[in-house]
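Novice: Shown below is the structure under consideration.
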Amino acid sequence: AQSVTQLGSHVSVSEGALVLLRCNYSSSVPPYLFWYVQYPNQGLQLLLKYTSAATLVKGINGFEAEFKKSETSFHLTKPSAHMSDAAEYFCAVSGEVNNDMRFGAGTRLTVKP
Amino acid sequence: DTAVSQTPKYLVTQMGNDKSIKCEQNLGHDTMYWYKQDSKKFLKIMFSYNNKELIINETVPNRFSPKSPDKAHLNLHINSLELGDSAVYFCASSQDGMRTEAFFGQGTRLTVV
């Protein structure tokens with residue numbers, strides 16, 4: 177069954193530093209991949225998605241992710257972290273079964289001043 | 002207008018009670034989901050529906066019964082509540098259940114005492 181693995185349950189960076197959140201997927205078919213952000217006491221919001229067009233995907237708030245089939249990865253990056261980026265980030269996969277979107281365990285991003 | 006709305010936002014109840022959570026989406030989407038988020042933020046799919054038809058039914062106790070009166074609504078009824086049911090429950094919808102992103106409600110925090 178399709179799944180995603182997020183390496184690192186907690187990532188801490190300094191303000192202005194590079195953000196790198198890791199996601200690896202497993203799927204028997206070409207996947208559709210998503211990154212979501214969750215702020216405290218809120219629902220999930222889409223940051224960006226990969227749907228087999230460009231392998232480098234740009235999203236909101238300066239985030240981007242690159243689909244690498246050879247590495248089965250879809251890591252999320254941002255060149256310069258802001259305090260407002262502190263949140264929980266989730267990678268998700270769909271495509272193997274209709275109407276079935278699976279999420280990773282999440283990575284909590286902390287941004288230090 | 003809220004795209005995916007859930008009610009109530011908070012629900013505190015005693016063990017053994019029966020409760021319902023309502024979800025409505027005004028996006029015209031065909032697919033709706035219920036996810037459970039535990040205290041460690043892990044998001045687990047419970048059910049998905051497509052045009053009122055049950056598609057995904059994960060290993061969820063049969064005390065949980067989803068009902069979709071029409072494709073804009075997906076309600077969750079829980080019988081004989083247990084302490085372990087305490088979690089945040091999210092409703093979501095997507096246009097096609099595969100290549101399009103899911104839109105999430107704000108969540109319902111269920112506390113069983």
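Residue numbers (my numbering), protein chains in the order written: chain A, 177 to 289; chain B, 2 to 114.
Backbone N, C-alpha and C define an ideal beta-carbon position, used for all residues, glycine too.
All of these numbers come straight from a predicted model, not from anything done at the bench.
By the criterion of Cβ-Cβ separation under 7 Å, what are the contact partners of K225 (chain A) in chain B?
Specialist: Sequence index remark: in the first sequence, residue 225 (chain A) carries index 49 (1-based). Within chain B, the residues near K225 (chain A) are E102.
Novice: Along the chain, where does the beta strand (DSSP E) that runs through N58 (chain B) open and close?
Specialist: Residue 58 (chain B) sits at position 57 when you count from the first residue of the second sequence. Per DSSP, N58 (chain B) belongs to the beta strand (DSSP E) from 54-58.
Novice: Less than 8 Å between the C-beta atoms of K244 (chain A) and V233 (chain A), yes or no?
Specialist: As a position in the first sequence, residue 244 (chain A) is number 68, starting the count at 1. As a position in the first sequence, residue 233 (chain A) is number 57, starting the count at 1. Taking 8 Å as the Cβ cut-off, K244 (chain A) and V233 (chain A) do not qualify as a contacting pair.
Novice: Please check if any C-beta of chain B sits within less than 8 Å of the C-beta of D276 (chain A).
Specialist: Position 100 of the first sequence, counted from the start, is the residue given in the question as residue 276 (chain A). For D276 (chain A), the answer is yes, since a Cβ of chain B falls inside 8 Å of its Cβ.
Novice: Closer than 8 Å, CB to CB, is E247 (chain A) near chain B or not?
Specialist: As a position in the first sequence, residue 247 (chain A) is number 71, starting the count at 1. Not one chain B Cβ lies under 8 Å of E247 (chain A).
Novice: Hey, is F266 (chain A)'s beta-carbon within less than 8 Å of any beta-carbon in chain B?
Specialist: By one-based count along the first sequence, residue 266 (chain A) stands at place 90. Chain B contact via Cβ: present.
Novice: For R284 (chain A) versus S190 (chain A), is the C-beta spacing smaller than 8 Å?
Specialist: The sequence position of residue 284 (chain A) within the first sequence is 108, counting from 1. The sequence position of residue 190 (chain A) within the first sequence is 14, counting from 1. No; because the gap between Cβ atoms is not below 8 Å, this pair is not in contact.
Novice: Quick one: what's Y208 (chain A) bridged to in DSSP?
Specialist: In the first sequence, residue 208 (chain A) corresponds to position 32, counting from 1. BP columns for Y208 (chain A) point to A:S270.
Novice: So, is the C-beta of Q107 (chain B) closer than 8 Å to a C-beta in chain A?
Specialist: Locating residue 107 (chain B) in the second sequence gives position 106, where the first residue counts as 1. Yes, Q107 (chain B) lies at the interface with chain A (some Cβ there is under 8 Å from its Cβ).
Novice: Answer yes or no: does any C-beta atom of chain A fall closer than 8 Å to that of L111 (chain B)?
Specialist: Residue 111 (chain B) sits at position 110 when you count from the first residue of the second sequence. Answer no: the Cβ-Cβ gap between L111 (chain B) and chain A never drops below 8 Å.
Novice: Leaving out five residues before and five after S98 (chain B) in sequence, what residues of the same chain have Cβ atoms less than 8 Å from its Cβ?
Specialist: The residue given as residue 98 (chain B) occupies position 97 in the second sequence. First, the amino acid is wrong: residue 98 (chain B) is Gly here, not Ser. So the qualifying residues of the chain are D31, T32, S49, N51, I56.
Novice: At a CB-CB cut-off below 8 Å, which residues of chain A make contact with T3 (chain B)?
Specialist: If you number the second sequence from 1, residue 3 (chain B) lands on position 2. None at all; the shortest Cβ gap to chain A is about 10 Å.
Novice: Which residue from B:Q15, B:S6, B:Q7 puts its Cα closest to that of S87 (chain B)?
Specialist: Stepping through the second sequence from its first residue, residue 87 (chain B) is reached at position 86. It is B:Q15 whose Cα lies nearest to the Cα of S87 (chain B).
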